[in-house]
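Read through the structure below, which is laid out as structure tokens, and then see the notes.
Rendered as structure tokens:
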């Protein structure tokens, strides 16, 4: 009796568990480093002012909504590198990495321009004027590093697709330490260090602007470290010739776009829908917006192990599909699902036990704290649904089966999530907890749909390389 006939979610036994966890753990740290900058910004700004906290939350959400139109296009290097590595094609590893870097340079430049002109559309969200003004400041300074952000995603895929998961981890840790130091300096200001008759390193309190500048610098440094780590090692130069720029290959670019654009659109739909969700909540005022933002930060932080499992599942699936072992790819996928369920159930229990204290990490504002208990309970269910959705998306993306993931996301987010949020809040007078409860149902539906696609086995027939 094989694994599948025993039951696709046999929670009592996990195969390849050590291999998956050893791959996922550094990826968790890498992904955590990408989100932790925003989380640290939120913690510091929560002690600066409610306005700064809400504006950075909304600005960060809108920034990532715009980034997400291209993020997964840059990240798709992971799928191409993983499959090329799985079939032992070192030249393809280097070639497709360079094609995604070229795409990243273009998309990053477009995002920087969009950030500069974001003041044109921000009034459309109909938040209070002071929130709109502070949000624009955050977006403008945050998007200065958009090119480096996209290159960072492309190079992270190059390392992780070859199962080198530690290099991005250490680069991210260093960048986060730098970001935290810069946050303290730039958000709250510092009178400086007196040396002789001069004062060094003095800075005024910049609030939300300081947080955005700190994150942009940290992201840029992170990308520069990965560039150096990619091109300097002798082994990388010998095997992949990664230090030698490849010619721009229109056919390879089209292959990357064909596989990556549905994934990019999926990410954009997800993030932009959440940005609209956040702006709808923001119409109730800065306090509701701040409470929702803290909920998002709690989820972002706690989801990192799931992102690690998701990326590990994508890498392992890609490696096995590249090696033409689809059944082994499916086996890895089922184990990642099992580990995901274990983690989500554990996290659900922690949220329920600690629900009364979690908001205190971010703020001491009594008005914001009043929402804390109920939102944390809802977040406990939300993270379970979204965690399993993430795993399904990652496994299918590793196989290159990105279009069904995109369609599921578009149908549920645009056809149900946004209309329901608008109806519950705008027409029925619901509050922030009602909106989050409706969102949990929508993400559960996505998780079920992607599990059905995985179980169908159709993703095992997808081929991403075409001669």
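Numbering (this note's numbering), first residue to last: 3 to 469.
Ideal Cβ positions, reconstructed from N, Cα and C, are used throughout, including at glycine.
Model, not experiment: these values are computed from the prediction.
- Inside the stretch 242-292, DSSP marks whole alpha helix (DSSP H) runs of 4 or more residues at positions 252-284, from first to last along the chain.
- For the pair of segments examined, the stretch 27-42 was found not to touch the stretch 89-108: the number of CB pairs separated by less than 8 Å stays below three.
- Put simply, of 237, 362, 174 the residue whose alpha carbon is nearest the alpha carbon of residue 38 is 174.
- The secondary-structure analysis by DSSP pairs residue 378 with nothing; it has no beta-bridge partner.
- Between residue 335 and residue 397, the CB-CB gap stays under 8 Å.
- Here residue 352 is exposed: its Cβ has fewer than 16 other Cβ atoms, across all protein chains shown, within 10 Å.
- With a cutoff of 8 Å on beta-carbon distance, residue 377 and residue 319 are scored as not near each other.
- Residue 383 holds the alpha-carbon nearest to the alpha-carbon of residue 443 among 215, 383, 459, 321.
- When DSSP states are grouped into helix, strand and coil, residue 202 belongs to the strand group.
- Just so you know, the alpha carbons of residue 380 and residue 427 end up roughly 17 Å apart.
- Burial state of residue 113 is buried, judged by a 10 Å Cβ sphere holding 16 or more other Cβ atoms.
- By the Cβ criterion, the stretch 399-417 is in contact with the stretch 458-467, since at least three pairs of Cβ atoms, one from each stretch, lie closer than 8 Å.
- Annotation for residue 43: the continuous alpha helix (DSSP H) segment containing it runs 19-48.
- The DSSP-derived three-state label of residue 167 is coil.
- Scanning its chain for C-beta atoms nearer than 7 Å, with the 5 sequence neighbours on each side dropped, one finds around residue 391 the residues 445, 448, 449, 452, in chain order.
- If you ignore the 5 residues before and after residue 227, its C-beta comes within less than 6 Å of the C-beta of 173, all in its own chain and listed in chain order.
- Taking 8 Å as the cut-off, the beta carbon of residue 144 is found closer than this to the beta carbon of residue 65.
- Residue 318 carries a helical assignment under DSSP once its states are collapsed to helix, strand and coil.
- Pairwise C-beta distances place the stretch 175-192 out of contact with the stretch 250-259, as fewer than three of them are shorter than 8 Å.
- When the Cα atoms are used, residue 223 and residue 159 turn out to be separated by approximately 17 Å.
- The three-state secondary structure of residue 464, taken from DSSP, is coil.
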